[in-house]
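Asker:
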Amino acid sequence: MFERLRSWFTEPAGTPALIRRMLSENAARYRHRYIAAFWLMGLSAACTAVAAYLVRNFVNETYLQRNFSAVVMLGFVTVGLFAIKGASIYGQMLILARINARIVADNQRRMFDKLMNEGMGFFADRHSSEFIARLTTGANAVTTVLNMLILAIGRDMLTLIFLAIVMVLQDPLLFVIGVVGVPPAMLVMRKLVRRIRVIARSQFTGGTHMLEAMQEALQGIRIVKAFTLEDEMRKRFEATVSEVQHETFKMARVANRTSPLMEMLAGTAIAMALVYAGHRVIHGGAAAGEFVSFLAAFAFAFEPAKRLVRFNIDLNSSLVGARVLYELIDSPPSEPIEDAGPPLVLRPAARIEFSDVRFAYRPGEPVIRGMSFVADPGKITALVGPSGGGKSTVLSLLLRFYDIESGTILVDGHDVSRLSRRALRRQIGYVGQHVHLFRGSIRDNIAFGKVGASDEEIAAAAKAAHAHDFIMGFPGGYATPVGEHGLQLSGGQRQRIAIARALIKDAPVILLDEATAALDSESEQQVQDAMAHLCEGRTTLVVAHRLHTIMHADRILVVEGGTVVETGRHDELLRKGGRYATFYRVQLKGPVPPREPVAAVALSG
Ligand SMILES: Nc1ncnc2c1ncn2[C@@H]1O[C@H](COP(=O)(O)OP(=O)(O)OP(=O)(O)O)[C@@H](O)[C@H]1O
Ligand SMILES: [Mg+2]
């Protein structure tokens, strides 16, 4: 028994432990304001109690003394009492609302900071909508719970205590009769709490699924429309909606099971009190004032008492949100932002070396199997090979998105696994295979490559990426907004902005993953020229599918099955007649060269 009680208090997800944590982490800082709110609650509770007490004077002045001016006097006093009560309620609500807004903001910041300290692996198996749900539910839940707590103690408990005093003053025995219903009510509540917790958790999960379905449908709206998947999406969404609806009903059923019981108990208590009081007035000759005053106090006490008995239930349904928040905040950050180390300064052109690198995204499924190669400083090294061979993974490892299992990756002689991730990434300009633009203007998007870049620098980078002309073609120029994911731009335009963003960084190492894939031959040629110029004095790794874009690379690595199967210059590899030569022949003379069929479809269509 004692053990159980102790575990209840120490178990981190247990209710008291959770509340203690909220109080110390979130509420303690605002204790002065809470105390002020508390005083105001005491004031309003006292007003209620005094009003109930005065009922006795009302009744006795009316029926016994028949003193009208005293009754009018009492009327004025009552108005005054309620005015004070109103003002203090206004004050306490205002104070609480301000505290709440701050606590919500604090928690939102903490949660976002935590997310920024997570690595790629953390996000791979989670849906982004989960974080949205956690951010909204979690951050608000803490204030809901704290509010419930403070209102339960400050408002309901104080009101009850004051009213109990009034009842005892009027008739102690009557008071005892009045509260017989409380212990059985408390017992029933305890049984319901566990179920409530479970339902609240599945309600939250259901809500997350709903967000997920919505977000996926909207993000993929182009595919949804093109494949006429509207009905399919509606079905998916419908399933999640009914899940949530079902849980909501269940919650309502269980949580409100208390009402009939409460009313029954209250009715019994009132009836008993009435009978006893009637007996006292009729047979004992007691004054009516005490009795009516008692009834008034009892009536005022009913609502707060009901709320207090239900308190544990409401608390537990809100605590789920707090758990959800702390789960996220408490897990150790998978990629803490470590800026403590000395800043990394690479020489203008850095040598990159992979030696016998092994890596797997999932244990037991190796993706890079003993890869070794050297990318010479100031030279262009190209990675080619079949899809899924591991080319993009090589770039991810260079950026230290993931840590390798064995082997070493050296950048300018530094072992990547020992460098601070941020220091390393600051030295790398990167254009990913999937271009991502942020909501904002084109200027902002390029400037993300170099915080505080001047307009001249931005224009220079855009010119180098052959983006300047099309940008100036927009009425808004560089101020043109690009919208969520940059959807207002063409694929090639997005890509050129991404290239400009990488170029403006002026980093010694440049990684380009299919950076010219969405360009037409002419722009591609232009970007190639610009890049050839810009890559001077930098170490560049490019991944390309179209081989003619890398014909002039200083070294070509053919990556297949997670290793380098061939190395050399374009003509060397052709002469060798190996894998590269086969690729090249297929691309050059194959029955389906990459560009022409599109034109053919366009012509015949
Ligand atoms: N985040 C990930 N989690 C698990 N497996 C992954 C992940 N990313 C890639 N893979 C797997 O790793 C292998 C190599 O992928 P990678 O993206 O490096 O190929 P790639 O050579 O760039 O191909 P492509 O030319 O199609 O871009 C693939 O088999 C892929 O299924
Ligand atoms: Mg790739």
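For the sequence shown, my numbering assigns the number 77 to the initial residue and increments by one for each residue that follows.
Virtual Cβ for every residue (Gly too), placed ideally from N, Cα, C.
Taking only the alpha-carbon atoms, compute the straight-line gap between residue 94 and residue 558 and give it to the nearest angstrom.
Answerer: So the two alpha carbons sit approximately 44 Å from each other.
Asker: Round the Cβ separation of residue 124 and residue 235 to the nearest angstrom and send it over; I've been treating them as touching at under 8 Å.
Answerer: 6 Å
Asker: Heavy atom of ligand 1 less than 7 Å from the Cβ of residue 469, yes or no?
Answerer: yes
Asker: Thinking C-beta only, is residue 275 closer than 8 Å to residue 327?
Answerer: yes
Asker: According to DSSP, is residue 580 part of a helix, a strand, or is it coil?
Answerer: coil
Asker: Using 10 angstroms around the beta-carbon of residue 116, count the other beta-carbons present and answer buried if the total reaches 16, otherwise exposed.
Answerer: buried
Asker: Figure out for me which residue from 348, 565, 477 and 460 has the closest Cα to the Cα of residue 682.
Answerer: Since the first residue shown for the chain is 77 and the last is 681, residue 682 is missing from the structure and cannot be characterised.
Asker: If the criterion is Cβ atoms closer than 8 Å, does the pair residue 401 and residue 214 meet it?
Answerer: yes
Asker: For residue 662, count neighbouring C-beta atoms within 10 Å of its own C-beta (all shown protein chains included) and say buried if the count is 16 or more, exposed if not.
Answerer: exposed
Asker: Check whether the Cβ of residue 634 sits closer than 7 Å to any heavy atom of ligand 2, and report yes or no.
Answerer: No, since every heavy atom of ligand 2 falls outside the 7 Å radius drawn around the Cβ of residue 634.
Asker: Count the C-beta pairs between the stretch 134-142 and the stretch 256-270 that are closer than 8 Å, then say yes if the count reaches three, no if not.
Answerer: no
Asker: What runs of the alpha helix (DSSP H), each 4 residues or longer, lie entirely inside the stretch 490-531?
Answerer: 497-501 and 518-523
Asker: Of all the options 206, 219 and 113, which has the alpha carbon lying nearest to the alpha carbon of residue 163?
Answerer: 113
Asker: Does the beta-carbon distance from residue 579 to residue 541 come in below 8 Å?
Answerer: Going by C-beta atoms, residue 579 is nearer than 8 Å to residue 541.
Asker: Is residue 463 near ligand 1, going by C-beta to nearest heavy atom under 7 Å?
Answerer: yes
Asker: Evaluate the contact criterion for the stretch 243-251 versus the stretch 364-374: three or more CB pairs, one atom per stretch, below 8 Å.
Answerer: yes
Asker: For the stretch 285-304 against the stretch 313-327, do three or more pairs of beta-carbon atoms, one drawn from each stretch, fall closer than 8 Å, so that the two count as touching?
Answerer: yes
Asker: For residue 571, verify whether its CB is less than 7 Å away from any heavy atom of ligand 2.
Answerer: no
Asker: Residue 644 bridges to which residues according to DSSP?
Answerer: DSSP lists 632 as partners of residue 644.
Asker: Which same chain residues, not among the five before or five after residue 96, have their C-beta less than 8 Å away from its C-beta?
Answerer: none
Asker: So, helix, strand or coil for residue 358, using DSSP?
Answerer: helix
Asker: If I measure Cβ to Cβ from residue 77 and keep anything under 6 Å in the same chain, skipping five residues before and after, which residues do I get?
Answerer: In this prediction, residue 77 has a pLDDT of 43, which is less than 50 and means its spatial position is unreliable; nothing more can be read from the coordinates.
Asker: At a cut-off of 7 Å, is residue 443 close to ligand 2 when judged by its beta-carbon and the heavy atoms of the ligand?
Answerer: no
Asker: Looking at the unbroken alpha helix (DSSP H) that takes in residue 484, where does it start and where does it end?
Answerer: Looking at the DSSP string, residue 484 is not in any alpha helix (DSSP H); the run it does join, the beta strand (DSSP E), is 482-487.
Asker: Measure the CB-CB distance between residue 268 and residue 333 and report whether it falls below 8 Å.
Answerer: yes
Asker: Is there at least one non-hydrogen atom of ligand 1 closer than 7 Å to the beta-carbon of residue 466?
Answerer: Within 7 Å of the C-beta of residue 466 there is at least one heavy atom belonging to ligand 1.
Asker: Pick helix, strand or coil for residue 439, following the three-state DSSP scheme.
Answerer: coil
Asker: I need the boundaries of the alpha helix (DSSP H) containing residue 586, first residue and last residue.
Answerer: Looking at the DSSP string, residue 586 is not in any alpha helix (DSSP H); the run it does join, the beta strand (DSSP E), is 585-589.
Asker: Taking the C-alpha atoms as reference points, what is the distance between residue 624 and residue 321?
Answerer: 57 Å
Asker: Could you check the C-alpha separation between residue 150 and residue 118 for me, to the nearest Å?
Answerer: Straight-line spacing of the CA atoms in residue 150 and residue 118 works out to 22 Å.
Asker: So, residue 217 versus residue 460, is the Cβ gap smaller than 8 Å?
Answerer: no
Asker: Verify whether the separation of the beta carbon atoms of residue 614 and residue 641 is less than 8 Å.
Answerer: no
Asker: Taking only three categories from DSSP, how would you classify residue 253?
Answerer: The answer is helix: DSSP assigns residue 253 an H, G or I state.
Asker: Using 7 Å as the cut-off, classify the Cβ of residue 400 as near or not near the heavy atoms of ligand 2, replying yes or no.
Answerer: no
Asker: Should residue 340 go down as buried or exposed, given a rule of 16 or more other Cβ atoms within 10 Å for buried?
Answerer: exposed
Asker: For a test of the three-state rule: what should DSSP assign to residue 196, helix, strand or coil?
Answerer: helix
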